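Heads up: the sequence shown runs through residues 1 to 710, numbered per full-length UniProt numbering.
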Amino acid sequence: MKVHKVSSRSQHKQRNATKRHNKNKWHKKVRSLDSTLPNTSPGTAKLEQQIAKSEKPTVKRLQKLYTKPVTFIPKNSCAEEEKVTAPSVTSAHVHTNGGTELDDSSTSVDSKEWSEYANSVLQNGKESSNTELPDTDKQEEDDLQFHAHLDHTNNRAVLVMKPGQVLCFRGKCLLTCLYGHVEVLGFTIEEGQQSYPLFSSPSHCPLTIKALGNNPPSSKNKKEGLLEAKAIVRKYFSSEPSKKLMSEVDSDSCVVLLEPLDTPLTRFLTSFSELAEIFGLNSKELRSQATIYNPVLSAMGVTALRGPCAQGLVTSPSFREAISSLLSAWAGEFDRCPVILVCGAKSSGKSTFNRHLMNSLLNHTVSVEYLECDLGQTEFTPPGCLSLCTITEPVLGPPFTHLRDPKHMVYYGLANCQADIDRYLESLKSLWRHVSGESPVIINTMGWVKGHGFLILVDLIRLFSITHVVQLSYGNAPQCQLLTPEFLRTAHGWQTHPPQSTLTEEPASHLNTQSHVFLSVQSEFESAGTSGEMQHQRSNELRDLALLSYFSQLQSSEPGPIRPLHCFIPYQVPHSSVAIGVMHCEVAPNNILYAVNASIVGLCCLSEKVVGRGGPVVLSQTPVCQCVGLGVLRGIDMARGLYFLVTPVSPSVLRHVNCLLLGEITLPKKMLIKQHGVEGDLPYVTTDYSFEAKGAGKIHIYKGLTRPGL
Ligand SMILES: Nc1ncnc2c1ncn2[C@@H]1O[C@H](COP(=O)(O)OP(=O)(O)OP(=O)(O)O)[C@@H](O)[C@H]1O
1 MKVHKVSSRS QHKQRNATKR HNKNKWHKKV RSLDSTLPNT SPGTAKLEQQ
51 IAKSEKPTVK RLQKLYTKPV TFIPKNSCAE EEKVTAPSVT SAHVHTNGGT
101 ELDDSSTSVD SKEWSEYANS VLQNGKESSN TELPDTDKQE EDDLQFHAHL
151 DHTNNRAVLV MKPGQVLCFR GKCLLTCLYG HVEVLGFTIE EGQQSYPLFS
201 SPSHCPLTIK ALGNNPPSSK NKKEGLLEAK AIVRKYFSSE PSKKLMSEVD
251 SDSCVVLLEP LDTPLTRFLT SFSELAEIFG LNSKELRSQA TIYNPVLSAM
301 GVTALRGPCA QGLVTSPSFR EAISSLLSAW AGEFDRCPVI LVCGAKSSGK
351 STFNRHLMNS LLNHTVSVEY LECDLGQTEF TPPGCLSLCT ITEPVLGPPF
401 THLRDPKHMV YYGLANCQAD IDRYLESLKS LWRHVSGESP VIINTMGWVK
451 GHGFLILVDL IRLFSITHVV QLSYGNAPQC QLLTPEFLRT AHGWQTHPPQ
501 STLTEEPASH LNTQSHVFLS VQSEFESAGT SGEMQHQRSN ELRDLALLSY
551 FSQLQSSEPG PIRPLHCFIP YQVPHSSVAI GVMHCEVAPN NILYAVNASI
601 VGLCCLSEKV VGRGGPVVLS QTPVCQCVGL GVLRGIDMAR GLYFLVTPVS
651 PSVLRHVNCL LLGEITLPKK MLIKQHGVEG DLPYVTTDYS FEAKGAGKIH
701 IYKGLTRPGL
């Protein structure tokens, strides 16, 4: 897209445009002002350390938010179900494949392919059904049997699990607990609760559903429990479920409903050929034929795993102890809510620990606050953003499946903070001012634990009055000095110094002199400390996934064709109403529009009013201000003095945006190279390329090659 030089004529026209749009500078379908949007935080936020001493929320995690209604099944649907169920596989196959129960109702999803696959699994499997198994093997084989029954009419399946049974899987589905309770990534899902989306992607370790059985102190006896469980299973089928399935139901069973999961996000991601298997198996699982043949689960989008690939989350004793003492810290008496900082070297398992901790806390409280300090591997926002989120729902998948609207966010614009540590810390301080102090706070940190990265950790502990430090390590020696209270007494940070130190630059009263509880966690999972090498595991791929996830919000919630970026009607905003700034490098003011065009920009709110004199308003310094989301500046009209911007941010919030910040976070190449439904030349992409062109850049394709010497 062309960017013209600013001319006085265009400036004049643009002044008129500004007048016309004086009130609604964001022109599209601007609705009423959202009065709930808080004011911009000033650039140099003063540190507010003390969280008010406050009451713990007495409400436990909401239960019975809504019970999933049992779908009405028309009377004649039995006949229909019978029609689609043609037995094609004998039960002998089922047992020899070590773990699949094939109810007769499930055979419609069976096929020759499946039978062949089943046989191939059989050859690699351990035993056949008529071989005498030692008791432990029998137990194992038994545990691998997933008793699931498919309801064709409603395209859903009921799975009966016995207490302690674990289903480790790849794929995605919607899970509702119908009877008993199950645990997924630390979160307990009980009968009567809402449905939860589960995503198990090869980008991360597989998810597991663990049956916890029924609550023992029940008012019902065993027999009543059994009858209740059976009645629940029956309710979900139009005809009597198979005898085999019913015989598995017991008073202490767990009964879950599984449904396929299809959302704008999953449709958008899988529309890219490279991401077609984003919820499939990883190469190791494929190679080791780690799947359990179960057509009912497969029909719901779930592939059960077995053997070494079915370990799921590995929790070492220190991992479990840390979680348990943090839960006790929340349950016990305290003057201040626990503020938990989780740190460790790259790929030591910080984010996974955080997810487990967050979910475990959500079993006991309605919300957890999450301060994101990791610019590269963000949990709830696009990369390059620092944020404070209030989390009320469990996170049951990788970050790109659970982006949330943050309570407050600052766009830093880079995937690491080395270039400007002070701006990084000022941004975090400005976010910290919005911590409520009524919920436990989890602080996620970067994997940069050496040199300046380590000094930043020391600062964070002091600045945010951390009550608990969880430090993850792997191997025989810790990757950096342990951040114990004793060490903190004399340690220097980037901005802070030990309180007694004569070198201190800030008054000691501003610093946390309280001590923290130190919890050391030894990560014992196989790949601890090694960056993911498999597809979808590399940091840059995960960042792209987060961005794709963010922009998937533009897609329609109804199934239909995927729409490329240029198909969305852009907002138009006058040059003079929004300031523009480049954060990651020096760009001459004359070239700034070349730089921002066709780029991702942070949509930010400056506290002072932006009034231009016609032409673009260029910032000379990078402000620390609130960011409400990201957008793609898809065009600039110099003649009319307008920016054209595509964003999923709602118009009511956009009205507060008066600053566009450009950083180093770029659009995923996939979004430019694979534009759906475009015939002929792809917008923004050319092969007729001149290195001389201003604002142009070559698309680098990452081939996953390791640099020599690494
Ligand atoms: N306890 C665990 N058991 C099994 N796998 C794990 C465990 N913890 C982490 N992993 C896996 O290791 C990889 C890296 O984990 P994670 O993203 O949690 O590490 P991190 O320290 O947050 O990484 P980064 O420094 O890049 O942010 C992921 O694939 C994750 O699924």
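In this text, a Cβ means the ideal position worked out from N, Cα and C, and glycines have one as well. Bear in mind that the values here come from a model prediction, so they are computed numbers and not experimental data.
Worksheet item: Is any heavy atom in ligand 1 found nearer than 7 Å to the beta carbon of Cys480?
Response: No; taking the cut-off as 7 Å, the Cβ of Cys480 has no heavy atom of ligand 1 nearer than that.
Fill in: Cβ contact (3+ pairs, closer than 8 Å) linking the stretch 199-208 and the stretch 170-189
By the Cβ rule, the stretch 199-208 counts as touching the stretch 170-189, because three or more pairs are nearer than 8 Å.
Worksheet entry | Any non-hydrogen atom of ligand 1 closer than 7 Å to Thr291 Cβ | Thr291: no, Cβ never under 7 Å from ligand 1.
Fill in: Which listed residue (His497, Val458, Tyr474) has its alpha carbon closest to that of Thr484
Out of His497, Val458, Tyr474, Val458 has the C-alpha closest to the C-alpha of Thr484.
Fill in: Chain-ordered list of residues that sit, by beta carbon, closer than 5 Å to a heavy atom of ligand 1
With the cut-off at 5 Å, the residues found are His204, Cys205, Leu313, Val314, Lys346, Ser347, Ser348, Gly349, Lys350, Ser351, Thr352, Gln377, Gly447, Phe525.
Discussion item. On the criterion of 16 or more Cβ atoms from any shown chain inside 10 Å, does Ile592 qualify as buried, or is it exposed?
Written reply: In this structure Ile592 is buried. Its beta-carbon is surrounded by 16 or more other beta-carbon atoms within 10 angstroms.
Worksheet item: Considering Lys172, what are the terminal residues of the beta strand (DSSP E) in which it resides?
Response: Residues 166-179.
Fill in: Given Cys389 as reference, the closest of Ala148, Pro398, Met409, Pro382 once Cα atoms are compared
Looking at the Cα atoms, Met409 is the closest of the given residues.
Worksheet item: In whole angstroms, what separates the C-alpha of Ser347 from that of Val449?
Response: Using only the alpha carbons, I get a separation of about 12 Å.
Practice prompt. Return the CA-CA distance between Ser128 and Phe518, expressed in angstroms with no decimal places.
Written response: Confidence is the limiting factor: at Ser128 the pLDDT is only 32, short of 50, which leaves the residue's position unreliable, though a coordinate-based value still follows. Roughly 51 Å separates the two Cα atoms.
Worksheet entry | Assigned exposure category for Leu489 - 16 Cβ within 10 Å defines buried | Checking the sequence shown, residue 489 turns out to be Arg, not Leu. Exposed is the call here.
Discussion item. Within a Cβ cutoff of 7 Å, which residues of the same chain sit near Val302, ignoring the five residues on either side of it in sequence?
Written reply: For Val302, the CB contacts under 7 Å within the same chain, skipping 5 residues up- and downstream, are Phe169, Gly171, Cys173, Leu258 in chain order.
Worksheet item: Given Pro478, which residues of its chain have a CB within under 6 Å of its CB, disregarding the five upstream and five downstream residues?
Response: Residues of the same chain with their beta carbon placed closer than 6 Å to that of Pro478 are lacking, with the five preceding and five following residues left out of the count.
Worksheet item: Sorted by chain position, which residues of the same chain lie with C-beta nearer than 6 Å to Phe319's C-beta, five sequence neighbours on each side aside?
Response: Cβ within range, chain order: Val521.
Worksheet entry | Separation of Ile421 from His181, as counted between CA atoms | About 46 Å.
Worksheet item: Helix, strand or coil: how does DSSP classify Asp151 here?
Response: Look at Asp151 here: in three-state DSSP terms it is strand.
Worksheet entry | With 16 other Cβ atoms within 10 Å as the buried cut-off, status of Leu227 | The residue is exposed, with fewer than 16 neighbouring Cβ atoms inside 10 Å.
Worksheet item: Three-state secondary structure (DSSP) at His492?
Response: It is coil, neither helix nor strand.
Worksheet entry | DSSP bridge partner residues for Asp374 (one or two, in chain order) | By DSSP's assignment, Asp374 forms no beta bridge with any residue.
Worksheet item: On the three-state DSSP scale, how would you describe Gly612?
Response: In this structure, Gly612 counts as coil in the three-state DSSP scheme.
Worksheet item: Taking only runs of the alpha helix (DSSP H) that begin and end inside the UniProt domain "Clp1 P-loop" (344-474), which ones reach a length of at least 4 residues, in chain order?
Response: Whole alpha helix (DSSP H) segments, 4+ residues: 350-362, 421-432, 451-463.
Worksheet item: Taking just the CA atoms, how far does Glu393 sit from Val601?
Response: Cα to Cα, the separation comes out at about 29 Å.
Discussion item. Can you tell me whether Arg234 is helix, strand or coil according to DSSP?
Written reply: The answer is helix: DSSP assigns Arg234 an H, G or I state.
Worksheet item: Straight-line CA distance for Asn307 to Thr291?
Response: Looking at the sequence itself, residue 307 is Gly, so the reference to Asn does not match. The alpha-carbon atoms of Gly307 and Thr291 are separated by roughly 9 Å.
Worksheet item: So, is Gln63 buried or exposed, given that buried needs 16 or more other C-beta atoms within 10 angstroms?
Response: Caution is warranted here: a pLDDT of 39 is assigned to Gln63, below 50, making its placement in the model unreliable, and the coordinate value is therefore given only provisionally. Result: exposed.
Worksheet item: Can you name, in chain order, every residue of its own chain whose Cβ lies under 8 Å from the Cβ of Ile466, other than the five neighbours on each side?
Response: Same-chain partners within the cutoff: Val339, Ile340, Leu341, Ile443, Leu460, Asn512, His516.
Item to complete: Helix, strand or coil for Met246, going by three-state DSSP, please let me know.
Response: Helix, per DSSP.
Fill in: Assigned secondary structure, Glu586 (DSSP; H/G/I helix, E/B strand, else coil)
Glu586 sits in coil when the DSSP states are folded into three classes, being neither helix nor strand.
Discussion item. Measuring straight from C-alpha to C-alpha, what distance separates Leu150 and Asn363?
Written reply: Those two C-alpha atoms are separated by around 30 Å.
Discussion item. Contact between the stretch 521-534 and the stretch 656-669 is defined here as three or more beta-carbon pairs at a separation below 8 Å; is this criterion met?
Written reply: Result no; under three Cβ-Cβ pairs closer than 8 Å.
Fill in: Pair within 8 Å by beta-carbon distance, Val596 and Leu662
Yes. Within cutoff.
Worksheet item: Counting Cβ pairs closer than 8 Å, one from the stretch 610-630 and one from the stretch 578-589, do we hit at least three?
Response: Because the criterion of three Cβ pairs below 8 Å is met, the stretch 610-630 and the stretch 578-589 touch.
Discussion item. Can you check which of these residues, Phe568, Pro559, Pro383, Cys177, is closest to Ser539 by C-alpha distance?
Written reply: Minimum Cα distance to Ser539 is reached at Pro383.
Fill in: Terminal residues of the beta strand (DSSP E) in which Ile665 lies
Where Ile665 is concerned, there is no enclosing beta strand (DSSP E), because DSSP gives it neither an H nor an E.
Item to complete: Measure the alpha-carbon distance for Leu633 versus Tyr643 and round it to whole angstroms.
Response: Whole-angstrom Cα-Cα distance: 7 Å.
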